[in-house]
Amino acid sequence: MTKKGLIAVLLALLTALTPVFASAAPNSDYTLVSPYKDVDWSSRKAYKTGLHTHSSVSDGSETFRNMIYAAYEQNYDILSFSEHGITGRAWDKTPFIRPLYLYSYLLGYDKKPLTPEEFAAVTDGSAAVGATGEARGRGMFCLTGSNELNGVTVTMSHVNGYFLPENVGNMDWGFENGYDYALSLVEKHGGVSHINHPGDWSGTVWDDKKGEFNAESVDLLTDKLLRYPSCLGVEAVNGFTSVTAHDRVMWDSLLTRCLPYGKTVFGFAGSDAHTTGRLNSCFMYFMLDEVSNESIRSCMERGEFFGATHTVISSGAIGPEQDVHAPEGVDQPLARVSSLTTEGHKITLCAGNADYVQWIANGRIIAKQELSDGKATLDLDTMSTADMLYVRCEIYNVNGMVFSQPIVIDRGSAPLKYEPNIPAARRVEFILKSTRVYVIFKALFDLISGSIKK
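Counted from 1, the sequence shown has number 193 at position 189 by our numbering; the numbering is strictly sequential.
Printed below as a string of structure tokens:
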């Protein structure tokens with residue numbers, strides 16, 4: 005064969021192979037699966053929602069009535085009381101009383117409910133707003149059946165259960181490190197749940213130098229999320245930022261671990277308010293056509309909501325560059341998402357009152373964009389996506405941050421089958437360290453040794 009003939013054959017082969025190489029490109033063989041795919045952005049509204057709230061019914065430092073009216077004043081549309089070991093009732097019914105919390109009477113905090121007339125006025129919007137003296141004109145929905153389980157534990161292994169019957173979870177202390185107890189209780193009674201403030205659990209250790217959590221805590225929480233389908237996710241943001249500052253990092257770690265098994269971990273935001281001053285620290289926007297128990301539950305299970313917070317602590321690889329500590333009043337508006345849509349390999353955000361958006365995948369910032377005319381588009385075909393499992397966004401302005409749920413990168417592979425593989429020695433150690441005697445003595449030892457070091 006002549007030299008020219010050889011070159012012609014090689015060029016022909018190269019041309020024939022080009023489609024094969026193109027189809028094998030890492031960016032071409034996947035679909036974006038958004039939790040918002042069924043949201044009609046022209047008709048659904050964003051309802052300000054608080055699901056993690058306390059009062060003098062448990063260990064809060066404000067009366068039940070005052071917390072209700074404060075939430076109403078702060079423009080909440082949906083409110084749920086998840087008291088420690090007390091399942092929430094309608095606000096015009098006397099709450100369940102636990103002997104443990106009778107001390108609140110000595111501090112001047114009663115537990116009186118609203119009258120039927122007051123309840124009707126708050127829920128239909130005819131109750132006056134103190135600042136103006138005029139009716140708000142928009143009711144606040146009373147979501148019952150919520151309970152912060154394991155609420156009286158030193159290890160802080162708290163779980164919020166929702167849609168529980170009134171007689172479930174009341175007068176219950178819970179168990180140290182008792183995630184299985186709480187999650188199985190909720191699942192048994194047909195509710196849904198999420199793990200609260202994972203950074204505050206005693207088994208969680210944050211490494212500031214590495215910008216990550218200890219592997220043992222990620223392993224254990226992964227196990228719980230995969231074993232209980234009714235556990236929808238974790239609190240990615242909690243109002244007590246002193247102990248939950250980096251929980252967004254934990255959320256990303258859990259997403260990366262759980263998605264190969266077909267489990268999308270949703271990120272919740274709860275003020276965990278025990279006083280009216282913290283009530284507006286963080287919350288969620290539920291995207292609903294109408295407000296009911298059924299629509300709220302569907303929204304939670306499908307991830308059709310956004311988290312929101314006025315405080316953001318810079319956390320490892322996901323930033324932001326500087327901490328955000330903004331006032332929490334209703335006159336400090338956060339970004340408002342008007343749509344988050346996908347087309348092909350592009351994700352488009354439309355939002356008002358937004359300065360910039362950062363896009364996060366697998367616990368790393370992959371892009372940061374300023375919004376142009378309230379719009380920003382991420383084109384994944386401009387970057388390598390070979391290892392990406394999901395993309396989520398955080399939308400910032402001077403008053404704080406709003407975050408989306410993860411948009412999953414689906415490559416068509418069957419989910420892995422989860423088979424717990426925790427060594428027997430670690431299981432035994434965990435059981436021993438979960439006894440209340442051990443936990444209390446360890447807490448006392450840590451307290452004394454810490455005082456000595458000071």
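Where a beta carbon is used, it is the ideal one built from N, C-alpha and C, also for glycine.
Straight-line gap, residue i to residue j (C-alpha atoms, nearest Å)
i    : j    : result
T260 : D327 : 25 Å
R142 : G274 : 22 Å
F270 : E170 : 26 Å
S27  : S388 : The pLDDT assigned to S27 is 34, lower than 50, so where the model puts this residue is not dependable; a value taken from the coordinates is nonetheless given after this. Those two C-alpha atoms are separated by around 15 Å.
E122 : S130 : 9 Å
D128 : L384 : 45 Å
P264 : S417 : 9 Å
R368 : F85  : 34 Å
L451 : I444 : 11 Å
D414 : D391 : 12 Å
V24  : I351 : Reliability fails at V24, whose pLDDT of 37 lies under 50, so the model's placement of it is uncertain and the value that follows must be treated cautiously. Taking the straight line joining both Cα atoms gives about 27 Å.
N151 : D377 : 42 Å
V238 : V43  : 23 Å
K446 : P103 : 26 Å
L153 : R306 : 23 Å
G155 : H162 : 6 Å
V241 : T346 : 25 Å
G356 : A132 : 29 Å
Q409 : L393 : 13 Å
K437 : M160 : 14 Å
I101 : T157 : 19 Å
R431 : M288 : 36 Å
F449 : Y442 : 10 Å
Cβ distance (whole Å) where residue i is taken to contact residue j below 8 Å
i    : j    : result
E77  : G134 : 6 Å
N200 : N164 : 6 Å
P39  : E308 : 6 Å
L168 : H193 : 6 Å
G203 : D251 : 5 Å
P424 : D227 : 6 Å
Contacting residues, own chain, Cβ-Cβ under 6 Å from residue i (five flanking each side not counted)
i    : result
L375 : A358
I426 : none
R440 : E180
D176 : G89
V461 : Within the shown structure, residues of the chain are numbered from 5 to 458, placing residue 461 beyond reach of any answer.
K379 : C354
K49  : none
G218 : First, the residue type needs correcting, since residue 218 is Asn and not Gly in the sequence shown. Closer than 6 Å at the Cβ level, and outside the excluded window around N218, lie V209.
G137 : none
A29  : Annotation note: pLDDT 42 at A29 (below 50); position unreliable, coordinate value reported separately. Hits under 6 Å: none found.
Extent of the continuous beta strand (DSSP E) to which residue i belongs
i    : result
D396 : Checking the displayed sequence, the identity of residue 396 turns out to be Arg instead of Asp. R396 -> beta strand (DSSP E) spans Y394 to N401.
N242 : C235 to N242
W363 : Y360 to A365
T381 : K379 to D383
M254 : Where M254 is concerned, there is no enclosing beta strand (DSSP E), although the alpha helix (DSSP H) it sits in stretches over D251 to C262.
N151 : N151 to L153
Y166 : V163 to Y166
S343 : R340 to E347
T57  : K49 to T57
Y289 : C286 to L292
D414 : I411 to D414
Min CB distance residue i to chain B below 9 Å
i    : result
L106 : Absent from the structure is chain B; it holds one protein chain and no more.
Residue range of the alpha helix (DSSP H) that includes residue i
i    : result
S188 : Y183 to K192
S108 : Y107 to L110
F100 : From DSSP, F100 is part of no alpha helix (DSSP H); its letter is neither H nor E.
F407 : It is not in any alpha helix (DSSP H) - F407 instead sits in the beta strand (DSSP E) that spans G404 to F407.
K228 : A219 to R231
S299 : N297 to R306
S246 : T245 to T248
F68  : F68 to E77
Close-in-space but distant-in-sequence residues of the same chain around residue i (CB under 8 Å, 5 per side omitted)
i    : result
V295 : Y51, D81, I82 and F145
S47  : D293
E66  : S59, S60, A74, Y113, H278, T279 and T280
P120 : D96
S221 : P202, W205, G207, T208, V209 and M254
K372 : Y360, V361, Q362 and W363
Cβ-based neighbour list, residue i, same chain, cut-off 7 Å, excluding 5 preceding and 5 following
i    : result
D63  : H88, Y105 and H278
V316 : P324, D327, V328, G404 and M405
L10  : Note that L10 has pLDDT 37, beneath the 50 cutoff, so the model's placement of it is unreliable and no number is given.
A124 : none
R301 : F167 and V196
T492 : The question about residue 492 has no answer, for the chain in this structure spans 5 to 458.
K214 : none
Proximity test, residue i beta-carbon vs the ligand GDP heavy atom, cut-off 8 Å
i    : result
V209 : Of ligands this structure carries none, so the ligand GDP is not represented either.
* Any chance the segment 250–262 sits against the segment 315–322, with 3 or more Cβ pairs inside 8 Å? -> The segment 250–262, when compared against the segment 315–322, does touch it at the 8 Å Cβ threshold.
* Given 8 Å as the limit, is there contact between the segment 357–365 and the segment 395–405, that is, 3 or more CB pairs closer than that? -> Contact between the segment 357–365 and the segment 395–405 is present: 3 or more CB-CB pairs across the two stretches fall below 8 Å.
* May I ask you to verify whether the segment 265–283 touches the segment 50–68, counting CB pairs closer than 8 Å and requiring at least 3? => In this structure the segment 265–283 lies against the segment 50–68, because at least three pairs of beta carbons, one per stretch, are closer than 8 Å.
* Any contact of the segment 336–349 with the segment 310–317, i.e. 3+ C-beta pairs under 8 Å? -> At 8 Å Cβ cutoff, the stretches touch.
* Specify whether the segment 180–194 and the segment 226–239 touch according to this definition: at least 3 beta carbon pairs, one from each stretch, less than 8 Å apart. => Yes, they touch.
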